[in-house]
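Colleague: I have a structure here, written as C-alpha cells, and I will follow up with some questions on it.
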Amino acid sequence: MIYFDQVTKRYQGGHEALRNLSFKLEDGQMAFLTGHSGAGKSTLLKLISLIERPSTGQIRVAGRLLNKMKSSHIPFYRRRVGMVFQDHNLLNDRSIYENVALPLILEGESPKEVGRRVRAALDKVGLLAKEKHKPVQLSGGEQQRVGIARAVVNKPDILLADEPTGNLDPELSREIMNLFAEFNRVGTTVLIASHDLGLIARMPFKVLTLRHGQMVNSPGAVS
Amino acid sequence: MSARKIRQGATSRKTSYKEKREAWLRHHAMVAVDSLIQLLKRPLSSALTWMVIAIALCLPSLFYLSMLNMERVTSGLQDSQQISLYLEEWVSNSRGEELATELASRPEISESRYISASQGLKDFTEFSGLGALVEGLPENPLPNVIELKPNTDNPVVIEGITLVLKGIREVEEVQLDMLWVHRLNQIGLIMKRVAWVLTALFALAVVLVVGNTLRLAIESRREEVLVIKLIGATNAFVRRPFLYMGFWYGLIGGIAAWVLTEVCYLFLYDPVTTLASSFAKDAEFVGLNIEGTLTLLFGSISVSLLGAILAVGRHLRQIEPR
Ligand SMILES: Nc1ncnc2c1ncn2[C@@H]1O[C@H](COP(=O)(O)OP(=O)(O)OP(=O)(O)O)[C@@H](O)[C@H]1O
Ligand SMILES: [Mg+2]
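The following block contains the structure:
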C-alpha cells in the first residue's frame, strides 16, 4: 500500500512541487499518474523511492513510515521498490545480462539462481536473444525494456515508472504498458507517471491527476 | 493466483547463513578480479600510479638497507674497542714490554699488547699492501704502542681510565679508538630518525597519490554509482570495488618497489661491499630479507588502502541520487 497524508514537498529555493497531497493506492493496484509538465509527477515518485524526503506530511509504503527511515535502511527498502526511469539508467559498460542481474547480486543470490531469474525476466520483455549485447547496441525501446526487466527481476512489491514510454512510438508504448499490466496481474502494485493520455484512457486503471502539486479528482479515480 | 501468495513466495524463500556467506565470498572474489581488470584496462595511468608508489617506497627501503648494513658493520667494531697508548720516543722496547705487563695486571684492564714501532710498520705494510711506499720512507714514523682492552664498555669509566693512563710518564698520548665508533653509532641513530621521517613522508605521498587516483576513478564512474545506489546498493557495496582498487595499487606498487630496490641493491653491491670490508673483514652488503620484503609489501598495501578509504569516504558520500 502507498499512502500519502498531507504531504508537501518544498524544494530548496522555496518552490512547492507538491502541496498538501493525500492519496492511497492499495496493494496490488495499478494506477497512472498524469498532469502537466511541472505538476509534480516525478517529485511524487522520488518521494516514494526516497530520492527526496517530504517537507511535511507522512508517507507510508508497505507498512513502513518513510519520513523517519534511517539512511542505512534505504538500500534494503529500495530493493523492494522496482524503478523504471525515462532515461533507462543502464550501465553502459556492462552487458544486458549483467545489468539485469545487478539487483540479484545485491541480494547475494547464487549464480544459478541469478541466471535462472535474469533469463526469465529477459524472456518476459522479449530480449532473451540480446543478453550479451551492450545497452548502446539496443534501440531506445529495447533499452526501456531492459530497464523494466531489471526493475522486476527480484519481484519487488511495488513498481514505479517515470514516463516509461516517453519517446517511444504508439505501438511500442502500448506493448510496454501491457507489460506493466501483466506484472500487476501477478500482484505487484504499479504506479506509472505518464503524459500519454490517449493510451491511459484505453486502459482500465485508476488515474491520479496532478495540477500544480495538488491532486485533481479525475474520472475513473477511486478515492 | 492471488497477489498475497506471490509476495509470500518471494519473501519466504529463506537463504541460509552458509549460502549468504558463500555469496558474500563469491562477490568479493568477483569484485577483486573485476577491479584489477578495471585497472588493467587503463594500463598507462595505472602504470604511472604504480611507478610513483614504487619510487616513493624504494627510497625508504634503500635507506633501511643502508642502516641495516651500517649497524652490522659497527656492531662488529664494538667488540674491538680499545685504548692505544703512544709511548715517548725515549722509551726502550724492554721498558715498553714491562709497562704492558704492568698495565695488564690492573683490574680495570683485561688485555694488553705491546707493539714496537718496527712491528707496527710491518703490520701496516701487510694490512695496507703499501710495501713500496713504506720502503721509501727515510725512517719509521710510527711510535711504540701499547694496545689495551678495558674491562668495561661504560664510556664514563673508560674516560676515567684514560685520564689515569695520561698521567704515566712514558705515555705521550692516549687515543680512545672507541670514540669514532661511538660517533658512528650516533650518526646511525640520526640516520634512523631521518629514515622514520622519510618513511612517514613517502607513505603520506602514497596515501595522497592513491587517494587522488581513486577520486578520479570515482568521478569517472559517477553515473554507475548513482544507478546502483538507486537500485538498492548499500554503501559497503558501492565502496567495495574502489577499496579493491586501492588494494591492487598497493600490492602491485609494492612489488614494483621491491623490484626497484633490488635493482638499486645490485647496482650498489660492489662498491658498498668494498667499502664495508675496509671496516670489518668479510663484511658484505646485505639486501632485503624475507621479513623486509613482507614489511615493504604489507606497508604498501596498508598505505594504499588508507588512501582509498579516505578518498572513498570523502567522495562517495557526495554522490546521492537526485
Ligand atoms: N531538484 C529540484 N530543485 C528545485 N526544484 C525542483 C527540483 N526538481 C523539480 N523541481 C520543480 O518542482 C516542480 C515539479 O517537478 P517535477 O519534476 O515533479 O514535475 P513533473 O510533473 O515530473 O514534470 P515533467 O512532466 O516535465 O517531467 C517543477 O516546477 C520543478 O521545477
Ligand atoms: Mg517528470
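The listed protein sequences derive, respectively, from chains A and B. Counting with this note's numbering, you get residues 1 to 223 for the letters of the first sequence. Counting with this note's numbering, you get residues 1001 to 1322 for the letters of the second sequence. Just so you know, even glycine gets a beta-carbon here, dropped at the ideal spot from N, CA and C.
Determine the direct distance from the alpha carbon of residue 1272 of chain B to that of residue 1056 of chain B, and round the result to whole angstroms.
Modeller: About 23 Å.
Colleague: Whose Cβ in chain A lies nearer than 9 Å to the Cβ of residue 1312 of chain B?
Modeller: Here the premise fails: no neighbours, minimum Cβ distance about 16 Å.
Colleague: On the DSSP letters alone, give me the boundaries of the beta strand (DSSP E) that residue 32 of chain A sits inside.
Modeller: From DSSP, the beta strand (DSSP E) with residue 32 of chain A extends over 30-35.
Colleague: List, in chain order, every chain B residue whose beta-carbon is nearer than 9 Å to that of residue 128 of chain A.
Modeller: The contacting residues do not exist; residue 128 of chain A stays about 21 Å from chain B at best.
Colleague: Please find out if some non-hydrogen atom of ligand 1 comes closer than 8 Å to the beta-carbon of residue 163 of chain A.
Modeller: Checking every heavy atom of ligand 1 against the Cβ of residue 163 of chain A, one is found closer than 8 Å.
Colleague: Is it right to say residue 1090 of chain B is buried, meaning 16 or more other beta carbons lie within 10 angstroms of its own, or is it exposed?
Modeller: When all chains shown are included, residue 1090 of chain B counts as exposed.
Colleague: Within 9 Å of any Cβ in chain A, is that where the Cβ of residue 1293 of chain B sits?
Modeller: So no, residue 1293 of chain B is outside the interface.
Colleague: In this structure, does DSSP put residue 209 of chain A in helix, strand or coil?
Modeller: DSSP places residue 209 of chain A in strand when its eight states are reduced to three.
Colleague: With a threshold of 8 Å, establish whether the CB of residue 214 of chain A neighbours any heavy atom of ligand 1.
Modeller: No, ligand 1 has no heavy atom inside 8 Å of this Cβ.
Colleague: Let's see if you can read the secondary structure: which residues bound the beta strand (DSSP E) around residue 23 of chain A?
Modeller: It spans 16-25 - the beta strand (DSSP E) in which residue 23 of chain A sits, taken as one unbroken run.
Colleague: To which residues does DSSP link residue 1150 of chain B through a beta bridge?
Modeller: Looking at the DSSP assignment, residue 1150 of chain B forms a beta bridge with B:1109.
Colleague: Short check: CB of residue 76 of chain A to CB of residue 1261 of chain B, under 9 Å?
Modeller: No, these two residues do not count as a Cβ contact at 9 Å.
Colleague: Can you grab the Cα-Cα spacing for the pair residue 1169 of chain B / residue 1258 of chain B, in whole Å?
Modeller: Rounded to whole angstroms, residue 1169 of chain B to residue 1258 of chain B spans 59 Å at the Cα level.
Colleague: Applying a beta-carbon distance threshold of less than 8 Å, which residues of chain A neighbour residue 1020 of chain B?
Modeller: Going along chain A in sequence order, the residues near residue 1020 of chain B (Cβ under 8 Å) are 108.
Colleague: From the DSSP output, in three-state form, read off residue 49 of chain A for me.
Modeller: If DSSP states are grouped into helix, strand and coil, residue 49 of chain A belongs with coil.
Colleague: Between A:57, A:154, A:173 and A:158, which has its C-alpha nearest residue 145 of chain A's C-alpha?
Modeller: Here the closest residue by C-alpha is A:173.
Colleague: Of all the options A:33, A:37, A:39 and A:43, which has the alpha carbon lying nearest to the alpha carbon of residue 9 of chain A?
Modeller: Among A:33, A:37, A:39 and A:43, the Cα nearest to that of residue 9 of chain A belongs to A:43.
Colleague: Is there at least one non-hydrogen atom of ligand 1 closer than 8 Å to the beta-carbon of residue 224 of chain A?
Modeller: There is simply no residue 224 of chain A to check, as chain A begins at 1 and stops at 223 in what is shown.
Colleague: Give the single residue among A:196, A:195 and A:155 whose Cα lies nearest to the Cα of residue 184 of chain A.
Modeller: Residue 184 of chain A has its Cα closest to that of A:155, out of A:196, A:195 and A:155.
Colleague: Jot down the residue ranges of each uninterrupted alpha helix (DSSP H) in the stretch 143-170 of chain A, minimum 4 residues, whole runs only, in chain order.
Modeller: If we require 4 residues or more, the stretch 143-170 of chain A turns out to have no alpha helix (DSSP H) run fully inside it.
Colleague: Is there at least one non-hydrogen atom of ligand 1 closer than 8 Å to the beta-carbon of residue 13 of chain A?
Modeller: Flag set: Cβ of residue 13 of chain A near ligand 1.
Colleague: Would the beta-carbon of residue 158 of chain A fall within 9 Å of that of residue 190 of chain A?
Modeller: Contact: yes.
Colleague: Might you give, ordered along the chain, the residues of its own chain that have their beta carbon closer than 7 Å to the beta carbon of residue 121 of chain A, omitting 5 neighbours on each side?
Modeller: Cβ neighbours of residue 121 of chain A beyond the five flanking positions: 100, 149, 152 and 153.
Colleague: Taking Cβ-Cβ distances shorter than 8 Å, what residues in chain A pair up with residue 1023 of chain B?
Modeller: Here the neighbours are 108, 109 and 110.
Colleague: Name the residues in the stretch 74-95 of chain A whose C-beta lies less than 9 Å from a C-beta of chain B; which are they?
Modeller: Here the close residues are 74, 75, 76, 77, 78, 79, 80, 81, 82, 83, 85, 89, 90, 91, 92, 93 and 94.
Colleague: Identify every run of the alpha helix (DSSP H) within the stretch 1264-1300 of chain B, keeping only runs that are complete inside it and at least 4 residues long; order them along the chain.
Modeller: Runs of the alpha helix (DSSP H) inside the stretch 1264-1300 of chain B: none found.
Colleague: DSSP three-state call for residue 1091 of chain B: helix, strand or coil?
Modeller: Residue 1091 of chain B falls in the coil class under three-state DSSP.
Colleague: Please tell me whether residue 102 of chain A has its Cβ less than 9 Å away from any Cβ of chain B.
Modeller: Interface residue, yes.
Colleague: In angstroms, rounded to a whole number, what distance separates the CA positions of residue 1275 of chain B and residue 1266 of chain B?
Modeller: In a straight line, the C-alpha of residue 1275 of chain B is about 15 Å away from that of residue 1266 of chain B.
Colleague: For residue 1224 of chain B, which residues in chain A fall below 9 Å Cβ to Cβ?
Modeller: Residues of chain A passing the Cβ test: 91, 92, 93 and 94.
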